[in-house]
Each structure stands twice: as C-alpha cells, then as structure tokens.
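Just so you know, the working numbering puts 633 at position 198 of the sequence shown, and the rest follows in order with no gaps. Yeah, the Cβ is synthetic: ideal placement off N, Cα and C, and Gly gets one too. None of the values given here were measured: they were computed from a predicted structure. Here's the structure we're looking at; comments come further down.
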Amino acid sequence: MSDALKSDVYQNMETATKYKKTQSNAKDRVDQKLLQQYLDKLMQDGYVVVPDLLSQEQLDIIREEVTPMLNHKGRNFFEGELTQRIYSVMAKTFALNPMVEHPMILALLDAVLMPSYLLSQLQVINILPGEKQQPLHADDGYVQMPRPRKFVSAATVWAIDDFTAENGGTMVIPGSHNWGDKHPDESDLKNQIHCEMKAGSAVFFLGTLWHGGGANVSDQPRLAATAQYCEGFIRPQENFSLSVPLERAAQCSEDIKRMLGYSIFGPFMGMVDGKHPKRLLEPFLNK
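Shown next as structure tokens:
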C-alpha cells in the first residue's frame with residue numbers, strides 16, 4: 436500500500452500542538468432555512484442581498500468612527516475621483532468588526548469557501564455626488580486562473596446609508612459569475628441592476644461576479660463598507676500582517692484573528708519560523 440497522502444487528507448492534517456484549527460460554527464447561530472434560501476440565490480445569480488443585519492446603534496457607531504477619517508478622495512478612475520476610501524481600517528477602529536464577523540456572513544462563507552479562509556480586504560467607501568459608475572470588475576480577477584472556474588473569493592458590500600439607484604448603490608450583472616473568458620459588452624450593461632437596500636443590509640457576492648459601484652446622481656453622499664474574503668491559499672489584497680499592529684490583532688475575536696492570518700491553511704501554510712503564527716500574539720494576550 437502506498438504511503439502517499441491523499442490531497443484532502445494532507446489539507447486537513449492537524450500538526451499544531453498548541454493552537455489547533457478553529458472554525459466559526461456560525462451555521463449553528465443562524466436560521467438554517469433562511470441561510471439555505473440565501474445560498475440558493477447566491478449560487479444561482481452570483482449575489483444575494485441580505486437585509487437587516489446591523490442595528491441602528493451599530494450603524495451610528497460606524498458613522499461616528501469613520502466620518503472624521505474621510506479626508507481624501509480616490510487617486511484614479513477605479514478608486515473614483517469623487518469617492519472617499521479608508522484603508523487599514525482595523526488599525527484605526529474596530530467599529531466594523533461586527534460587520535466582518537457577522538454570523539450570517541460567516542455562515543455563508545463557511546458554505547462557499549474552504550476552512551481557514553482569510554479576510555482579503557476591508558474598506559470604508561463614501562461615494563460623493565457627481566461620481567461616475569465604477570468600471571465593472573470581478574474581485575478575484577487578479578487570480579491568474581482561466582475562467583470559467585470556481586470562485587476563490589467572496590465579498591460583501593454593506594449599506595451604511597440606504598443604497599438607491601440614484602446614490603451609487605452597487606451594480607451587478609446576475610449570472611456573470613459563471614462566465615468564461617468574457618467581459619461585459621453593451622448588451623450585458625443593459626442587464627446590470629442596482630442592489631437597492633436599506634442601511635444595515637449587505638450584498639454578498641462571489642468573487643467571479645462582475646460588479647461595480649454605481650454612479651451617484653443624487654445630492655447626498657453614499658456611505659458603505661466592504662469586507663472581502665479569499666481562500667487560504669490565495670494572497671489577500673491587503674497585507675494585514677503589516678497594516679494591523681500585533682497588539683491590535685490580539686484584541687480581536689478568534690474568528691477575526693484567524694481571518695487576519697493568525698491561522699494555518701492545510702498542515703503548514705502560514706507558519707512563522709516553523710510555528711503557528713498565533714504565537715506572535717502571545718505577548719499581547721490576556722492584558
């Protein structure tokens with residue numbers, strides 16, 4: 436009999452002695468029937484709007500924390516020249532953490548990504564009046580693997596203000612997550628739709644879906660946040676190990692520590708000096 440390890444056995448090996456693999460267990464904390472409805476819609480269309488996830492109190496805290504930091508506009512056509520963005524969010528505030536690790540979002544992620552998925556990017560996005568529509572794109576388009584293929588990431592865009600067709604609500608092309616090597620043409624643009632939703636709601640979409648921020652033709656800004664996630668074997672877009680200080684990471688929940696990269700994918704990927712990366716947080720734990 437061969438001593439070779441099967442790929443699934445190798446992937447699921449537990450080699451750590453102190454910090455064992457953890458999971459979100461979010462599925463046990465959400466309505467199972469509702470979760471399945473969201474998953475069915477997600478796999479059919481590539482996106483799903485999940486309403487009423489954040490309370491008014493949570494929205495007020497987010498707005499209060501991030502508004503003073505909205506000092507700069509985008510630097511190019513993709514960021515949006517009339518769009519304000521905040522990067523390295525967790526280094527500056529934990530107000531978005533409940534959004535990043537909301538049980539329904541984690542339950543969806545647990546269903547569509549492999550264990551030990553990572554947070555890929557976290558931003559605050561404020562689209563100002565007069566902003567043009569963002570170019571349509573797929574979030575895991577930077578992954579050099581030919582389409583059609585399985586997505587290797589998923590993302591959320593959260594409405595801090597109501598999303599409307601006038602104020603820059605996220606645009607999506609339903610079904611485009613299944614496209615091959617194709618870019619949207621004029622006929623496809625006619626089929627894009629606005630994700631209109633109330634503040635406190637989120638649109639969850641797969642990394643292969645074509646989408647983008649809408650044009651803001653209203654007279655008010657549109658405040659939002661986005662949390663993006665990727666498989667543990669894909670490099671995250673944001674280098675959290677450099678942007679979030681160790682003492683800040685140590686204050687986060689186990690779910691967020693894991694998604695920031697203080698975790699192991701497979702038996703070894705993510706190690707530091709041959710050890711579990713969570714050991715780096717030990718000087719800051721229990722303080």
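- Message: So, under 8 Å CB-CB, E566 and L517 are touching, yes? Tell me the CB distance rounded to an integer number of Å.
- Response: A Cβ-Cβ distance of about 4 Å is found for the pair E566 and L517, placing them in contact under the 8 Å criterion.
- Message: Along the chain, where does the beta strand (DSSP E) containing F586 start, and where does it finish?
- Response: Here F586 belongs to no beta strand (DSSP E), and DSSP marks it neither H nor E.
- Pick out the complete beta strand (DSSP E) segments inside the segment 518-564, 3 residues or longer, and give them in chain order. Fully enclosed beta strand (DSSP E) runs of 3 or longer: 518-521 and 553-562.
- Message: Output needed for H612: all residues of its chain with C-beta closer than 7 Å, excluding positions within five of it in sequence on either side, in chain order.
- Response: Hits under 7 Å: G481, F586, L641, T643 and L644.
- Message: At the level of alpha carbons, what is the spacing between E717 and Q686?
- Response: Each residue's CA atom was taken as its position, placing E717 and Q686 some 11 Å apart.
- Is the Cβ-Cβ distance between P538 and M632 less than 8 Å? 8 Å or more divides the Cβ of P538 from the Cβ of M632.
- Using the C-alpha atoms, what's the distance from V484 back to P564? Those two C-alpha atoms are separated by around 24 Å.
- Query: Do you know how far the Cα of P503 is from the Cα of G615?
  - Reply: Counting only the Cα atoms, P503 lies some 42 Å from G615.
- Beta-ladder partner(s) of A662, from DSSP: Looking at the DSSP assignment, A662 forms a beta bridge with L557 and T591.
- Message: For S622, count the other beta carbons within 10 Å of its own beta carbon; 16 or more makes it buried, fewer makes it exposed. Which is it?
- Response: If you draw a 10 Å sphere on the C-beta of S622, you find fewer than 16 other C-beta atoms in it, and that means exposed.
- Query: What three-state label does DSSP hand H711 in the structure shown?
  - Reply: Correct three-state label for H711: coil.
- Which same chain residues, not among the five before or five after A634, have their C-beta less than 7 Å away from its C-beta? The residues are L494, A594, I595, D596 and D597.
- From this set, D545, A662, S490 and G701, which residue's C-alpha is nearest R464's C-alpha? Looking only at D545, A662, S490 and G701, the smallest Cα-Cα distance to R464 is reached by D545.
- When you compare only the Cα positions, how much space is there between M436 and K456? Caution applies to M436, whose pLDDT of 43 falls short of 50 and renders its modelled position unreliable; the value that the coordinates give is listed next. Taking the straight line from one Cα to the other gives about 29 Å.
- Task: Decide if G576 is buried, meaning its Cβ has at least 16 other Cβ atoms within 10 Å, or exposed.
- Result: Its Cβ having fewer than 16 others within 10 Å, G576 is exposed.
- Message: Using DSSP's beta-bridge definition, name the partner residues of V652.
- Response: In the DSSP assignment, no residue is bridged to V652.
- Task: Indicate the three-state DSSP secondary structure (helix, strand or coil) for M580 in the structure shown.
- Result: Looking at M580 - three-state DSSP - the assignment turns out to be coil, as it is neither helix nor strand.
- Considering only C-alpha positions, which residue in the set P570, G709, R657 and I699 is nearest to A600? Taking the Cα of A600 as reference, the smallest distance to any Cα among P570, G709, R657 and I699 is reached at R657.
- So, using beta-carbon positions, are L543 and L474 closer together than 8 Å? Yes, these two residues count as a Cβ contact at 8 Å.
- Own chain, CB closer than 7 Å to E689, minus 5 neighbours either side, in chain order: T457.
- Taking the alpha carbon of V535 as the point to measure from, which residue in G696, A660 and G705 has its own alpha carbon closest? Looking at the Cα atoms, A660 is the closest of the given residues.
- Would you please state the rounded distance, in angstroms, between the beta carbons of V559 and V607? I believe it to be under 8 Å. Not quite, the Cβ-Cβ distance comes to about 20 Å (not below 8 Å), so this is no contact.
- Query: Would you call E666 buried or exposed, if buried means 16 or more other Cβ atoms sit within 10 Å of its Cβ?
  - Reply: Only buried fits E666, as 16 or more other CB atoms lie within 10 angstroms of its CB.
- Message: Can you tell me whether R584 is buried or exposed? The criterion is at least 16 other CB atoms within 10 Å of its CB, across all chains shown.
- Response: Classification of R584: exposed, given that the 10 Å Cβ count is below 16.
- Query: Roughly how many angstroms separate the alpha carbons of A723 and R582, rounded to a whole number?
  - Reply: Lying outside 436 to 722, the shown extent of the chain, residue 723 is not represented and no answer is given.
- Message: At a cut-off of 7 Å, would you count D575 as near the ligand COA, judging by its Cβ distance to the nearest heavy atom?
- Response: Looking at this structure, you won't find the ligand COA or any other ligand, since it has none at all.
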